[in-house]
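To convert, count from 1 in the sequence shown and add 2; that's our numbering.
Where is the CB? At the ideal position from N, CA and C, for every residue including glycine.
Working notes, structure below.
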Amino acid sequence: MYSHLHRFRSQAVVRAVALPFDIEELIAAWSALRGAMRRELPAAFSRDEWAYLMAFLSREQLLAPFIGSFGAPCTEASAVAGVVRPRGAVSVWLPNNVSLLGPLTLILLTLTGNRLWLKGGSSGADLTGPFLDFARRHMGDGALREALSERVRYEVFEHGDERQREMALAAQVRIVFGSDATAAAIHALPGPIRARSFFFSDRQSQAWIEPEAATGEVLAQLIRVFAIYGQAGCTSPRRIVLLGAGAREAALLRDRLAAMWSTVLPRKPAEHVASGNTMALQWAAACGWDAVAAPNRHAVLAAGPIALETIDAPMFLPISPATVDEAVAQLPANIQTIGHAFSPRADSLWAEVAARTGIARLVPIARMHHFGPLWDGEQFWRQCFEEVEVEL
3 MYSHLHRFRS
13 QAVVRAVALP
23 FDIEELIAAW
33 SALRGAMRRE
43 LPAAFSRDEW
53 AYLMAFLSRE
63 QLLAPFIGSF
73 GAPCTEASAV
83 AGVVRPRGAV
93 SVWLPNNVSL
103 LGPLTLILLT
113 LTGNRLWLKG
123 GSSGADLTGP
133 FLDFARRHMG
143 DGALREALSE
153 RVRYEVFEHG
163 DERQREMALA
173 AQVRIVFGSD
183 ATAAAIHALP
193 GPIRARSFFF
203 SDRQSQAWIE
213 PEAATGEVLA
223 QLIRVFAIYG
233 QAGCTSPRRI
243 VLLGAGAREA
253 ALLRDRLAAM
263 WSTVLPRKPA
273 EHVASGNTMA
283 LQWAAACGWD
293 AVAAPNRHAV
303 LAAGPIALET
313 IDAPMFLPIS
323 PATVDEAVAQ
333 LPANIQTIGH
343 AFSPRADSLW
353 AEVAARTGIA
363 RLVPIARMHH
373 FGPLWDGEQF
383 WRQCFEEVEV
393 EL
């Protein structure tokens with residue numbers, strides 16, 4: 003069934019990973035796709051999205067899941083303590099609101115050697131379909147052609163379609179991105195008794211910044227990260243917490259962000275975004291926030307106490323001063339990522355925050371949207387494999 007065995011060593015243990023392709027050949031084929039990507043930008047993608055995908059297709063990025071899961075590649079003919087093989091079939095339900103997640107998930111999962119059935123979001127921007135079309139047009143012959151032509155099925159259909167039930171029945175691994183309601187609906191579907199399930203449902207994130215670490219570079223990163231999805235993305239900061247500061251520092255940070263916004267993002271926003279932010283500015287003021295609009299109405303930036311209720315506006319970014327204890331106490335139950343900018347003396351703060359909270363990720367602000375084989379506290383990529391114990 004699997005024609006290639008690849009050895010990896012973790013400490014003194016050697017495992018053989020069985021796959022239907024040569025790892026280096028498939029990784030090289032994915033990386034080679036970047037040549038065509040430099041020449042052509044599909045209409046569905048922004049330049050930033052396309053550039054992110056190109057960076058993701060580096061050999062180092064694609065080999066990292068194997069190294070993180072199984073250890074360093076091992077070429078010596080050592081006795082193996084186990085054989086790792088694909089579980090067989092993986093079904094993936096993609097979200098509507100984080101469109102780049104689809105291509106990234108597709109790329110990562112092709113490396114597992116499983117058959118893939120992906121359902122695109124039925125009401126959001128679809129990047130998976132255009133990316134898959136592009137990759138199939140430029141994939142050449144060999145491992146990538148086999149992977150995308152024979153082991154990948156991608157469709158977009160409404161929830162409730164009979165194919166949703168078929169996806170669940172076919173899968174040894176279910177991976178679901180979406181709302182709590184979507185996760186519950188997929189969870190209720192019948193499937194193999196030993197199937198693994200991963201439900202990445204409603205979550206939210208914050209950015210924690212110490213005033214000394216709020217450099218121009220950090221704030222530019224923050225603007226770029228927030229602007230991609232606004233309040234809609236689970237990894238997008240829905241609040242900035244300014245640690246160890248007061249109301250004056252929060253207002254100053256708000257004004258710095260507003261002054262930088264059009265420099266970092268010079269293009270004017272769509273008319274409906276600017277109009278919505280005019281309304282959000284008035285709404286925020288009525289709710290007690292000290293709010294200003296970024297130039298061209300790109301976003302609404304507001305300073306206010308951490309206990310002040312936020313407003314439900316896509317491009318509203320509140321900034322609240324707080325102590326670490328106050329910041330921990332106000333974290334929502336569905337917190338996922340904290341993007342941080344800590345001063346050097348606060349290096350040990352991460353351990354305390356991770357121990358005292360339910361966060362799944364604590365990463366630099368620039369990496370808040372970075373997707374990988376460990377997600378939301380789950381080793382979902384590793385669980386696409388099963389292990390055969392070997393004792394000789």
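Nearest to Ile313 by CA position, among Gly232, Ser264, Pro366, Leu171, is which residue?
Gly232
Determine the burial state of Arg87: buried for a count of at least 16 other Cβ atoms within 10 Å of its Cβ, exposed for fewer.
buried
Measuring only the C-alpha atoms, how far is Arg241 from Thr184?
26 angstroms
Given Ala301, which residues of its chain have a CB within under 8 angstroms of its CB, disregarding the five upstream and five downstream residues?
The beta carbon of Ala301 is closer than 8 angstroms to those of Phe228, Ala229, Gly232, Trp263, Asn279, Ala295, Met317, Phe318, Leu319 in its chain, skipping five residues each way along the sequence.
Taking 8 angstroms as the cut-off, does the segment 372 to 380 touch the segment 60 to 75 (at least 3 CB pairs, one atom from each stretch)?
yes
At which residues does the alpha helix (DSSP H) containing His189 begin and terminate?
182 to 189
Kindly indicate the opening and closing residues of the alpha helix (DSSP H) around Leu28.
25 to 41
For Gln223, count neighbouring Cβ atoms within 10 angstroms of its own Cβ and tell me buried if that reaches 16, exposed if not.
Classified as buried, Gln223 has 16 or more neighbouring CB atoms from the shown chains inside 10 Å of its CB.
How about Arg205 and Asn336: do their beta carbons lie closer than 9 angstroms?
yes
Where Pro213 falls: helix, strand or coil (DSSP)
helix
By a C-beta neighbour count over all protein chains shown, 10 Å radius and 16 as the cutoff for buried, is Thr265 buried or exposed?
Flag for Thr265 reads exposed.
Which word fits Glu212, buried or exposed, when buried means at least 16 other C-beta atoms lie within 10 angstroms of its C-beta?
buried
For Gly341, the residue or residues it bridges with in DSSP:
Ala209, Val365
What would DSSP say about Asp292, mapped onto helix, strand or coil?
Strand.
Quick one: any contact between the segment 121 to 130 and the segment 157 to 167, if contact means 3 or more CB pairs under 8 angstroms?
yes
Cβ atoms of Val365 and Val330: under 9 angstroms apart, would you say?
no
Sequence-distant residues of its chain with Cβ nearer than 6 angstroms to Phe133 (five each side left out):
Pro105
Identity of the residues DSSP links to Glu157 by a beta bridge:
Lys121
Residues in the same chain with beta-carbon distance under 7 angstroms from Ala215, minus the five sequence neighbours each way, listed in chain order, please.
Ala343, Phe344, Ser345
For a test of the three-state rule: what should DSSP assign to Ala272, helix, strand or coil?
coil
Is the separation between the beta-carbon of Ile188 and that of Gln166 shorter than 9 angstroms?
yes
Starting from Phe200, trace the beta strand (DSSP E) both ways and give me its first and last residue.
198 to 202
Please report how far the alpha carbon of Ala287 lies from the alpha carbon of Pro44, in whole angstroms.
41 angstroms
Going along the chain, which unbroken runs of the beta strand (DSSP E) with 3 or more residues stay wholly within the segment 71 to 144?
Those beta strand (DSSP E) runs which fall completely within the segment 71 to 144 and span 3+ residues are 84 to 88, 91 to 95, 117 to 122.
Between Phe382 and Ile177, what straight-line distance do the alpha-carbon atoms span, to the nearest angstrom?
8 angstroms
Give the secondary structure of Ala324 by DSSP, where H, G and I count as helix, E and B as strand, and everything else as coil.
Under the three-state reduction of DSSP, Ala324 is assigned to strand.
Simplified DSSP state of Trp354, which is helix, strand or coil:
Note that residue 354 is Glu in the sequence shown here, rather than Trp. DSSP places Glu354 in helix when its eight states are reduced to three.
Taking the alpha helix (DSSP H) that Arg250 belongs to, which residues open and close that run?
249 to 266
What does a CB cutoff of less than 7 angstroms around Leu394 pick up in its chain, not counting 5 residues either side in sequence?
Counting only Cβ-Cβ distances below 7 angstroms, and skipping sequence neighbours, we find Ala81.
To the nearest whole angstrom, what separates the beta carbons of His371 and Thr237, a pair I think is in contact under 8 angstroms?
Contact flag correct, Cβ pair sits at about 5 angstroms.
So, at 8 angstroms on beta carbons, what are the nonlocal neighbours of Ala309 in its own chain, with the 5 sequence-adjacent residues on each side left out?
Gln332
By alpha-carbon positions, which one of Gln284, Gly193, His6, Ala234 ends up nearest to Ser101?
Nearest option by C-alpha distance: Ala234.
Determine the direct distance from the alpha carbon of Gly218 to that of Glu27, and round the result to whole angstroms.
42 angstroms
Between the segment 46 to 57 and the segment 146 to 153, do three or more beta carbon pairs fall short of 8 angstroms?
No, they do not touch.
Leaving out five residues on either side along the sequence, give the residues of the same chain with a beta carbon under 8 angstroms from the beta carbon of Gly248.
Pro323
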